[in-house]
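Everything below concerns the one structure shown next.
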Amino acid sequence: MEGFFGQYGGAYVAETLIRNLEELYGEYERIKDEEDFREEISQLLKNFVGRPTPISALHRITAELGGAKLYLKREDLTHTGAHKINNALAQAVLAKRMGKTRIVAETGAGQHGVAVATACSLLGLKCVVYMGAVDAERQAPNVQRMQLLGAELHLVHSGQKTLKDAISEAIRDWITHVEDTHYLLGSAVGPHPFPNMVRDFQSVIGEEAREQILEAEGRLPDYVIACVGGGSNSIGMFSAFLNDAEVKLVGVQAAGEGLDSGKHASPLLKGTHGIIQGSLTYMLQDEDGQILETHSIAPGLDYPGAGPQHSYLKDTGRVEYTSVNDREALLAFEELCRKEGILPALESSHAVAYALKLVSQLPKDALVLVNLSGRGDKDLSQAIAALEQLKNSEVLV
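Here the sequence shown is numbered in my numbering, starting from 1 and rising by one per residue.
Structure representation (structure tokens):
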């Protein structure tokens with residue numbers, strides 16, 4: 001059935017939204033395989049985004065840990081500093097071909113908002129971004145970047161004031177401005193066709209990485225690891241390896257202060273089936289179906305649901321989902337800076353932290369490939385303060 005991954009996915013939305021989704025699905029299906037559309041996206045990814053991004057071997061960490069060889073796929077080296085630009089540019093081009101002149105978007109960590117604002121600036125589209133007030137306070141540099149790029153920024157003060165609240169406001173905006181507006185969703189979540197469309201536009205990550213590791217090592221990796229909030233960077237990375245049964249795929253969610261603390265963002269580990277923002281998937285909810293509050297030091301992972309394809313991959317066992325807490329992510333953030341000269345986003349640091357634990361348990365001839373979904377400039381103030389607080393508290397103990 002279209003729009004479903006097993007039992008997950010679909011479009012469980014208000015009747016007022018059906019027309020928008022049907023128009024988007026029809027236009028996407030019509031345009032996506034047109035040669036000039038694919039060529040325009042390809043040229044933008046090459047000449048504006050800076051693709052292909054490289055894979056980098058982590059020589060010092062590999063030598064120190066004495067285990068498997070560790071590689072990063074460097075989405076931090078894209079223009080705007082994260083994988084979000086791949087999807088933002090492609091959807092913006094699609095919107096322009098659909099005759100839309102206005103883009104509305106949501107953002108959590110701000111990387112998607114910056115990517116959308118950048119794409120709109122490049123293509124001459126009006127840009128409106130919704131962002132939770134709490135996220136805006138944590139990600140001030142990205143707020144400034146969006147405003148400098150010409151985006152109209154609306155802070156959301158309802159609910160938990162984070163990503164899910166921003167998504168809800170963006171959808172309301174889309175419903176009331178459907179004639180000239182495209183909703184540019186940034187993750188592989190939401191109603192059909194967004195999970196498929198975002199995955200398709202992010203699949204360039206996995207396609208490049210698969211080719212690059214084959215060229216560098218002559219074989220596929222034993223493990224491919226990526227962080228999972230909504231799940232766009234991970235599904236883009238995993239998509240190229242899903243048919244390679246010998247490659248183990250690992251998705252890392254945010255354990256926050258601990259999976260048993262109630263302060264985490266791990267719906268694939270602690271969630272139950274439910275409908276969130278138009279899609280049936282694993283989500284964090286109470287016995288009455290009310291969405292639970294989440295916590296992660298990484299704003300981009302601070303989401304109570306996950307993309308429906310991830311729920312399907314969890315149930316089928318093709319992807320193993322695990323978690324890393326705030327402390328482990330912070331220490332990995334610092335480790336990658338000091339040992340390899342790479343400043344990772346706090347979101348990506350969750351995947352790095354899991355990889356650092358894994359590689360020492362593997363033989364030296366094993367290969368581990370981690371998707372570094374973005375750079376950590378936006379996180380510097382928050383991460384440095386949290387590291388100082390962490391070390392002071394552990395000295396006192």
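We put the beta carbon where it would ideally sit given N, CA and C, even for glycine.
Beta-carbon to beta-carbon, P308 and P195 are separated by about 5 angstroms, close enough to satisfy the 8 angstroms threshold. Burial is judged here by how many other beta carbons sit within 10 angstroms of a residue's own beta carbon; R30 has fewer than 16 and is exposed. Contact annotation: V204 and A188 have beta-carbon atoms that are not nearer than 7 angstroms. Straight across, the Cα-Cα distance linking E207 with S239 is about 8 angstroms. Closest in C-alpha terms to V49, from the list K69, L65, I55, E75, comes E75. Relative to the Cα of E211, the nearest Cα in the group L369, L336, D286 belongs to L369.
Y321 sits buried, since 16 or more C-beta atoms from the chains shown fall within 10 Å of its C-beta. Taking a cut-off of 8 angstroms for Cβ pairs, the segment 274-283 and the segment 155-163 do not touch, as fewer than three such pairs fall below it. Q202 is positioned such that its CB atom lies no closer than 7 angstroms to that of N20. For Q91 and T181, the gap between their C-alpha atoms comes out near 12 angstroms. According to DSSP, R74 shares a beta bridge with L372. Taken through DSSP and simplified to helix, strand or coil, V189 comes out as coil. Membership of K126 in the beta strand (DSSP E) is indicated by the continuous run 126-132.
Looking at the DSSP output, V156 bridges to G132.
Burial of E169 is indicated by the presence of at least 16 other C-beta atoms within 10 angstroms of its C-beta. Taking every protein chain shown into account, the CB of S311 has 16 or more other CB atoms within 10 angstroms, so this residue is buried. Look at the beta carbons and you see the segment 360-379 not touching the segment 34-52: under three pairs across the two are nearer than 8 angstroms. Each residue's CA atom was taken as its position, placing A332 and A353 some 5 angstroms apart. Assignment of S393 by DSSP, reduced to helix, strand and coil, places it in the helix class. Distance from L301 to H350 at the Cβ level is roughly 7 angstroms; contact confirmed, criterion being Cβ atoms closer than 8 angstroms. Under the criterion of beta carbons closer than 8 angstroms, C127 and G108 do not qualify as touching, at roughly 17 angstroms. The DSSP-derived three-state label of T322 is strand. Beta-bridge pairing by DSSP links Y183 to V104. Note that the C-beta distance between V104 and Y183 is below 7 angstroms. Residue burial is scored here from C-beta neighbours: S393 has fewer than 16 other C-beta atoms within 10 angstroms and is therefore classed as exposed. Non-local C-beta neighbours of E257 in its own chain, meaning closer than 6 angstroms and more than five positions away in sequence, comprise K263, ordered along the chain. Contact between A57 and Y71 holds: their C-beta atoms lie close to 5 angstroms from each other, under 8 angstroms. In terms of Cβ geometry, A119 and M146 do not form a close pair [threshold 7 angstroms]. Under DSSP, A57 shares a beta bridge with Y71. Relative to the Cα of G289, the nearest Cα in the group I276, D260, D377, D165 belongs to I276. Beta-bridge pairing by DSSP links M146 to no other residue. Cβ contact annotation for D135 (same chain, cutoff 6 angstroms, sequence separation greater than five): G108, T162, P299, in chain order. Here DSSP, grouped into helix, strand and coil, assigns S232 to helix. Proximity to D377 across R318, G186, G305, V143 peaks at V143, based on C-alpha coordinates.
If you check the CB distance, R375 and L343 come in under 7 angstroms. Contact check for K84 against Q43 fails: the beta carbons are separated by 7 angstroms or more.
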